[in-house]
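Student: Protein sequence lines correspond, in order, to chains A and B. Mapping to full-length UniProt numbering: the first sequence position 6 is 6, numbers consecutive. Mapping to full-length UniProt numbering: the second sequence position 456 is 456, numbers consecutive. Using N, Cα and C, we set each Cβ at its ideal position, and we do this for glycine too. No experiment lies behind these values; they were computed from the predicted model shown.
2 protein chains.
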Amino acid sequence: MTKRHLLAAAAAALALPAAAAQAQDRLPPALTATIDPKVAQLRDAALDDTLAYDITRGLTTEIGPRLAGTAAEARAREWAVKRLKALGFENVHIETYRMPVWVRGAETGEVVAPYMQPLRLTALGNSGATPAAGLTAPVVYFRSFADLVAAPQGSLTGKIAFVSNAMRPTQDGSGYGQYGMARFAGPNLAAKKGAAAIVIRSIGTDHSRAPHAGVTNFDEGVEPIPAAALSVADAENLARMVESADDPVMLHLTLTPRRTGMHESGNVIAEVPGTDPDAGIVLIGGHLDSWDLGTGAIDDASGLAITTAAAKRILDAGGARRTIRVVWFGAEEVGGFGGEAYARAHGDDRHVVAAESDFGADRIWRVQTNLPDGAKAVGDRLARALAPLGIVRGDGVAGDGADIGPILRGGVAAVDLNQSGLRYFDWHHTPEDVLDRVDPEQLQQNVAAWTAMLAVIANAPEPIGGVSRDK
Amino acid sequence: MTKRHLLAAAAAALALPAAAAQAQDRLPPALTATIDPKVAQLRDAALDDTLAYDITRGLTTEIGPRLAGTAAEARAREWAVKRLKALGFENVHIETYRMPVWVRGAETGEVVAPYMQPLRLTALGNSGATPAAGLTAPVVYFRSFADLVAAPQGSLTGKIAFVSNAMRPTQDGSGYGQYGMARFAGPNLAAKKGAAAIVIRSIGTDHSRAPHAGVTNFDEGVEPIPAAALSVADAENLARMVESADDPVMLHLTLTPRRTGMHESGNVIAEVPGTDPDAGIVLIGGHLDSWDLGTGAIDDASGLAITTAAAKRILDAGGARRTIRVVWFGAEEVGGFGGEAYARAHGDDRHVVAAESDFGADRIWRVQTNLPDGAKAVGDRLARALAPLGIVRGDGVAGDGADIGPILRGGVAAVDLNQSGLRYFDWHHTPEDVLDRVDPEQLQQNVAAWTAMLAVIANAPEPIGGVSRDK
Numbered sequence: 001m002t003k004r005h006l007l008a009a010a011a012a013a014l015a016l017p018a019a020a021a022q023a024q025d026r027l028p029p030a031l032t033a034t035i036d037p038k039v040a041q042l043r044d045a046a047l048d049d050t051l052a053y054d055i056t057r058g059l060t061t062e063i064g065p066r067l068a069g070t071a072a073e074a075r076a077r078e079w080a081v082k083r084l085k086a087l088g089f090e091n092v093h094i095e096t097y098r099m100p101v102w103v104r105g106a107e108t109g110e111v112v113a114p115y116m117q118p119l120r121l122t123a124l125g126n127s128g129a130t131p132a133a134g135l136t137a138p139v140v141y142f143r144s145f146a147d148l149v150a151a152p153q154g155s156l157t158g159k160i161a162f163v164s165n166a167m168r169p170t171q172d173g174s175g176y177g178q179y180g181m182a183r184f185a186g187p188n189l190a191a192k193k194g195a196a197a198i199v200i201r202s203i204g205t206d207h208s209r210a211p212h213a214g215v216t217n218f219d220e221g222v223e224p225i226p227a228a229a230l231s232v233a234d235a236e237n238l239a240r241m242v243e244s245a246d247d248p249v250m251l252h253l254t255l256t257p258r259r260t261g262m263h264e265s266g267n268v269i270a271e272v273p274g275t276d277p278d279a280g281i282v283l284i285g286g287h288l289d290s291w292d293l294g295t296g297a298i299d300d301a302s303g304l305a306i307t308t309a310a311a312k313r314i315l316d317a318g319g320a321r322r323t324i325r326v327v328w329f330g331a332e333e334v335g336g337f338g339g340e341a342y343a344r345a346h347g348d349d350r351h352v353v354a355a356e357s358d359f360g361a362d363r364i365w366r367v368q369t370n371l372p373d374g375a376k377a378v379g380d381r382l383a384r385a386l387a388p389l390g391i392v393r394g395d396g397v398a399g400d401g402a403d404i405g406p407i408l409r410g411g412v413a414a415v416d417l418n419q420s421g422l423r424y425f426d427w428h429h430t431p432e433d434v435l436d437r438v439d440p441e442q443l444q445q446n447v448a449a450w451t452a453m454l455a456v457i458a459n460a461p462e463p464i465g466g467v468s469r470d471k
Numbered sequence: 001m002t003k004r005h006l007l008a009a010a011a012a013a014l015a016l017p018a019a020a021a022q023a024q025d026r027l028p029p030a031l032t033a034t035i036d037p038k039v040a041q042l043r044d045a046a047l048d049d050t051l052a053y054d055i056t057r058g059l060t061t062e063i064g065p066r067l068a069g070t071a072a073e074a075r076a077r078e079w080a081v082k083r084l085k086a087l088g089f090e091n092v093h094i095e096t097y098r099m100p101v102w103v104r105g106a107e108t109g110e111v112v113a114p115y116m117q118p119l120r121l122t123a124l125g126n127s128g129a130t131p132a133a134g135l136t137a138p139v140v141y142f143r144s145f146a147d148l149v150a151a152p153q154g155s156l157t158g159k160i161a162f163v164s165n166a167m168r169p170t171q172d173g174s175g176y177g178q179y180g181m182a183r184f185a186g187p188n189l190a191a192k193k194g195a196a197a198i199v200i201r202s203i204g205t206d207h208s209r210a211p212h213a214g215v216t217n218f219d220e221g222v223e224p225i226p227a228a229a230l231s232v233a234d235a236e237n238l239a240r241m242v243e244s245a246d247d248p249v250m251l252h253l254t255l256t257p258r259r260t261g262m263h264e265s266g267n268v269i270a271e272v273p274g275t276d277p278d279a280g281i282v283l284i285g286g287h288l289d290s291w292d293l294g295t296g297a298i299d300d301a302s303g304l305a306i307t308t309a310a311a312k313r314i315l316d317a318g319g320a321r322r323t324i325r326v327v328w329f330g331a332e333e334v335g336g337f338g339g340e341a342y343a344r345a346h347g348d349d350r351h352v353v354a355a356e357s358d359f360g361a362d363r364i365w366r367v368q369t370n371l372p373d374g375a376k377a378v379g380d381r382l383a384r385a386l387a388p389l390g391i392v393r394g395d396g397v398a399g400d401g402a403d404i405g406p407i408l409r410g411g412v413a414a415v416d417l418n419q420s421g422l423r424y425f426d427w428h429h430t431p432e433d434v435l436d437r438v439d440p441e442q443l444q445q446n447v448a449a450w451t452a453m454l455a456v457i458a459n460a461p462e463p464i465g466g467v468s469r470d471k
């Protein structure tokens with residue numbers, strides 16, 4: 001369905017003749033109530049947006065990979081300031097902080113017995129290093145993370161754990177939490193059980209040779225072991241080798257990442273000042289840093305681009321009642337240092353709503369909020385404004401986003417505009433996260449949704465108070 | 001359409017009631033004439049074949065990449081002999097020859113000004129080397145091979161030519177010849193025009209980060225320059241950089257491939273002996289060597305697997321009138337040394353038909369032959385036997401295949417079973433040529449087609465004479 005079909009369908013739904021009353025009864029309430037024509041106009045104009053694609057193209061072409069704490073991330077901040085000022089935003093500036101940096105070294109793996117062939121892999125963030133000449137050890141195969149958990153203490157001594165759980169695509173991305181455990185917790189667990197190293201099947205839904213990077217963490221006092229993600233195709237190949245070989249499969253692994261100490265990173269901030277200084281701030285954005293294998297197009301140049309293009313549309317329309325603050329957070333991938341630094345610096349600013357775009361550039365299918373009871377009508381108007389874009393209202397708990405997490409935990413209301421995750425984990429953290437993965441039309445649907453969201457939330461006449469948080 | 005749908009449709013077409021006479025008039029002649037029931041039975045049973053997938057899986061899992069002239073290709077020959085003997089073929093043996101070997105070294109590229117980011121690339125076969133520390137030079141952008149041809153002599157001195165023509169998918173693979181010129185002839189031409197090096201957009205139809213390897217050749221007396229293929233995504237990114245930069249884009253390129261001299265390669269031969277020693281040989285096969293970046297699944301483990309599985313079905317059915325000789329050719333990718341060695345050794349054997357499978361594992365859509373006039377009825381029976389598999393008869397000139405080329409040039413008739421090329425060049429010569437690219441059901445359709453072909457051709461009672469060849 002093209003965007004024009006989408007609008008035609010929605011327009012048709014809003015103009016049903018009386019004879020269709022029964023059908024209308026079954027339409028969601030969002031389609032049977034009035035939408036502010038100014039909001040609708042801003043939203044629909046955004047379906048022809050070109051700025052978001054232009055920002056995504058510029059950042060991936062002129063900067064490329066931008067690992068947190070590196071010179072590339074610093075170049076990206078300068079690029080951002082120049083671009084955001086040129087777009088006419090106010091109060092454009094960088095806020096720096098310092099953070100520990102881990103950088104990739106050599107990374108190769110080869111099966112050396114009973115078969116012989118190279119495997120494609122990448123070191124996980126915070127991985128330990130092998131000797132420079134590598135290490136050779138037998139592979140112990142675990143079909144799932146649970147199997148690794150069940151392995152007896154000490155049973156991995158001198159061996160390489162291989163955890164191969166297969167992630168499936170889900171629209172809401174919920175597979176990441178479940179299957180991601182092999183990456184988040186597997187290395188620490190294998191180290192505690194005595195493993196010399198660990199390789200995991202990439203946490204990804206593709207079947208390609210591109211390995212998926214990402215951080216892992218070791219408990220205080222646990223010496224980091226070499227930890228790498230095999231591409232899905234290579235993990236499948238290694239599993240076939242283990243299954244067909246009579247003798248143990250031996251893997252030679254060379255990983256030489258290192259910690260380079262504390263370095264500077266930073267957040268880039270830009271604003272559309274509100275007309276009512278007492279109405280608070282709507283905080284939006286994404287993250288500027290990226291993993292180093294791709295050019296960070298869907299993770300997360302597109303998130304910056306979507307939120308910035310939406311804010312620019314509000315700016316060009318004369319601004320809104322509330323200040324819109326766009327933050328291009330630094331150092332998200334490697335531990336959320338930018339979000340923490342922002343909360344330290346701005347935790348006392350009067351944020352009323354925070355929302356983040358960090359799940360690619362595919363179509364938004366759901367909106368969720370946790371607006372306080374006093375602002376229930378705002379949420380209803382938001383859902384109505386988004387429905388013609390094919391966005392349904394969910395009743396889950398809002399609050400996605402590592403960057404805005406520290407602010408949300410302070411009691412600020414959240415709006416989640418959930419993108420489809422069906423393709424996201426095909427490319428997440430891989431060399432394949434490049435401009436070609438961004439579908440310009442789906443990107444425009446994102447800009448339209450964010451524009452509508454800002455138009456409703458930032459202009460809402462009602463006060464939007466804080467929400468209580470468990471943590 | 002599944003294979004069961006396919007058969008049902010064909011069966012329905014063959015059993016039309018009288019009332020459908022008009023419709024029947026419009027059916028192709030192949031569907032309105034009788035098919036030998038033994039051929040039909042062999043063909044349809046092959047739609048449940050598992051051997052071809054098993055061979056493809058085994059070779060890619062237990063051997064993996066097998067560049068011609070290397071130890072990996074030698075291991076693959078031993079694997080082949082063991083497997084072919086276990087399957088019950090006769091006269092299984094290796095025939096060796098010597099060939100010049102070129103091996104990959106380091107291969108990296110980075111844009112260093114006015115932007116800074118790494119690019120993914122791979123050296124082309126026969127590429128020259130840069131200094132160990134690499135070379136840095138400005139990029140001269142050519143949108144097409146024709147633009148490179150038009151560049152004035154000497155205009156590239158000290159520069160890196162960048163040829164970026166974009167190949168499109170075609171069912172018959174005809175884009176390869178056209179767009180492949182950038183690889184086949186581009187480096188030689190750029191060298192003659194004084195270029196320090198050349199990078200080309202990969203000859204591929206994907207948009208991934210996986211570069212497409214492949215050979216290039218330099219004229220006698222032309223010093224090979226460093227020559228690499230950028231992945232399609234990286235070529236697109238570099239083109240965007242050239243277009244957006246005010247200053248020349250500078251590329252730092254490090255390629256250290258080298259020639260290691262003459263080494264041993266070999267062909268593996270297996271036979272299903274014919275019942276009539278005077279009826280000649282039907283020569284089939286594919287190539288055992290592969291490019292080194294992937295595991296050579298669709299290029300060409302699947303070709304070996306398809307032809308071998310089909311021959312095995314004839315073997316298990318008691319053989320055929322003619323000898324079926326299956327050859328797993330060595331050293332195809334790097335210059336067709338296996339095919340030449342075979343023709344030197346066996347050019348005088350009485351081959352009546354030669355056919356090769358070297359275009360992946362996707363569905364066969366067309367059959368073409370150049371059988372001599374005396375064997376026209378054989379071609380008609382063949383087309384009828386293949387029609388229920390959805391295979392149409394083409395009227396082009398048969399004779400595909402680098403390995404059987406030298407034999408065909410001696411005047412042997414050819415049968416081409418053309419696979420769809422719509423996906424083939426997404427993965428051709430890339431790291432992505434792995435088992436995951438093989439669709440088991442399409443592979444089975446291939447085996448069924450080859451089985452039917454062998455059942456018709458190898459059993460044909462007519463003599464099949466030679467054909468005249470222009471060259």
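What separation, rounded to the nearest whole angstrom, lies between the Cα atoms of residue 166 (chain B) and residue 204 (chain B)?
Tutor: About 8 Å.
Student: Between the segment 94-103 of chain B and the segment 181-192 of chain B, do three or more beta carbon pairs fall short of 8 Å?
Tutor: As far as the Cβ criterion goes, the segment 94-103 of chain B does not touch the segment 181-192 of chain B, which means the pair count is below three.
Student: Closest to residue 284 (chain B) by CA distance: which of B:275, B:172, B:312 is it?
Tutor: Selected option, being the one with the closest Cα: B:312.
Student: Alpha carbon to alpha carbon, how far is residue 343 (chain A) from residue 392 (chain A)? Give it in angstroms, no decimals.
Tutor: Taking the straight line from one Cα to the other gives about 31 Å.
Student: Along the segment 166-197 of chain A, what residues have a CB closer than 9 Å to any CB found in chain B?
Tutor: Answer set for the segment 166-197 of chain A: empty.
Student: Check whether the Cβ of residue 61 (chain B) lies closer than 8 Å to any Cβ atom in chain A.
Tutor: For residue 61 (chain B), the answer is yes, since a Cβ of chain A falls inside 8 Å of its Cβ.
Student: Should residue 418 (chain A) and residue 172 (chain A) be called a contact, given that it needs their Cβ atoms to be closer than 8 Å?
Tutor: Yes, these two residues count as a Cβ contact at 8 Å.
Student: Comparing alpha-carbon positions, which option in B:347, B:111, B:75, B:160 lies nearest residue 227 (chain B)?
Tutor: Nearest option by C-alpha distance: B:160.
Student: Using a beta-carbon distance below 8 Å, is residue 241 (chain A) in contact with chain B?
Tutor: Closer than 8 Å to some Cβ of chain B, the Cβ of residue 241 (chain A) qualifies, so yes.
Student: What does the alpha-carbon distance come out to for the pair residue 437 (chain A) and residue 244 (chain B)?
Tutor: Residue 437 (chain A) and residue 244 (chain B): Cα-Cα distance of roughly 20 Å.
Student: Is the beta carbon of residue 433 (chain A) sitting closer than 8 Å to the one on residue 294 (chain A)?
Tutor: Contact flag set, yes.
Student: Quick check: the Cα distance between residue 451 (chain B) and residue 310 (chain B), rounded to an integer number of angstroms?
Tutor: Straight-line Cα distance between these residues: approximately 5 Å.
Student: Should residue 445 (chain B) be labelled buried (16 or more other beta-carbon atoms within 10 Å of its own) or exposed?
Tutor: Per the 10 Å Cβ criterion, buried.
Student: Can you give me, in chain order, the residues of the segment 209-229 of chain A that have a beta carbon less than 9 Å from any beta carbon in chain B?
Tutor: Answer in chain order: 209, 210.
Student: Quick check on the DSSP output: the alpha helix (DSSP H) that includes residue 181 (chain B) runs from which residue to which?
Tutor: Residues 181-184.
Student: Should residue 141 (chain B) be flagged as near chain A, meaning a C-beta pair shorter than 8 Å?
Tutor: Closer than 8 Å: no.
Student: Which residues, in chain order, does the segment 115-136 of chain B contribute to contact with chain A at a C-beta distance below 8 Å?
Tutor: If the cut-off is 8 Å between Cβ atoms, the segment 115-136 of chain B has 115, 116, 117, 118, 120 near chain A.
Student: How far does the alpha helix (DSSP H) with residue 304 (chain A) in it reach, from first residue to last?
Tutor: Residue 304 (chain A) -> alpha helix (DSSP H) spans 302-316.
Student: Give the range of the beta strand (DSSP E) segment to which residue 119 (chain B) is assigned.
Tutor: 117-119 is the span of the beta strand (DSSP E), which, as asked, contains residue 119 (chain B).
Student: What is the residue span of the beta strand (DSSP E) that residue 107 (chain A) lies within?
Tutor: Its beta strand (DSSP E) spans residues 107-113.
Student: Between the alpha carbons of residue 263 (chain A) and residue 218 (chain A), how many angstroms are there, rounded?
Tutor: In a straight line, the C-alpha of residue 263 (chain A) is about 21 Å away from that of residue 218 (chain A).
Student: What residue does the beta strand (DSSP E) around residue 138 (chain B) start on, and which one ends it?
Tutor: Segment 135-142, the beta strand (DSSP E) holding residue 138 (chain B).
Student: List the endpoints of the continuous beta strand (DSSP E) containing residue 90 (chain B).
Tutor: Element bounds for residue 90 (chain B): 90-103.
Student: My output table needs one value for residue 436 (chain A): the three-state DSSP class, helix, strand or coil.
Tutor: In this structure, residue 436 (chain A) counts as helix in the three-state DSSP scheme.
Student: Excluding sequence positions up to five away, which residues of its chain have a Cβ less than 6 Å from the Cβ of residue 473 (chain B)?
Tutor: Absent from the structure is residue 473 (chain B), since the part of chain B shown begins at 1 and ends at 471.
Student: So, do the segment 259-276 of chain B and the segment 405-420 of chain B have three or more beta carbon pairs nearer to each other than 8 Å?
Tutor: No, they do not touch.
Student: Closer than 6 Å by C-beta to residue 194 (chain B): which residues in its own chain qualify, once you throw out the five before and the five after it? Chain order, please.
Tutor: Cβ neighbours of residue 194 (chain B) beyond the five flanking positions: 154, 156, 157.
Student: Distance, Cα to Cα, residue 458 (chain A) vs residue 318 (chain A)?
Tutor: Computed Cα separation, rounded: 12 Å.
Student: Within the 8 Å Cβ cut-off, does residue 436 (chain B) reach chain A?
Tutor: Interface residue, yes.
Student: May I ask you to report which of helix, strand or coil DSSP gives residue 325 (chain B)?
Tutor: In this structure, residue 325 (chain B) counts as strand in the three-state DSSP scheme.
Student: Quick check on the DSSP output: the alpha helix (DSSP H) that includes residue 241 (chain B) runs from which residue to which?
Tutor: Per DSSP, residue 241 (chain B) belongs to the alpha helix (DSSP H) from 232-244.
Student: Can you name the start and end residues of the beta strand (DSSP E) that residue 201 (chain A) belongs to?
Tutor: Taken as a continuous stretch (DSSP letters only), the beta strand (DSSP E) holding residue 201 (chain A) covers 197-201.
Student: Whole angstroms are fine: how far does the CA of residue 361 (chain B) sit from the CA of residue 308 (chain B)?
Tutor: Distance between the alpha carbons of residue 308 (chain B) and residue 361 (chain B): 14 Å.
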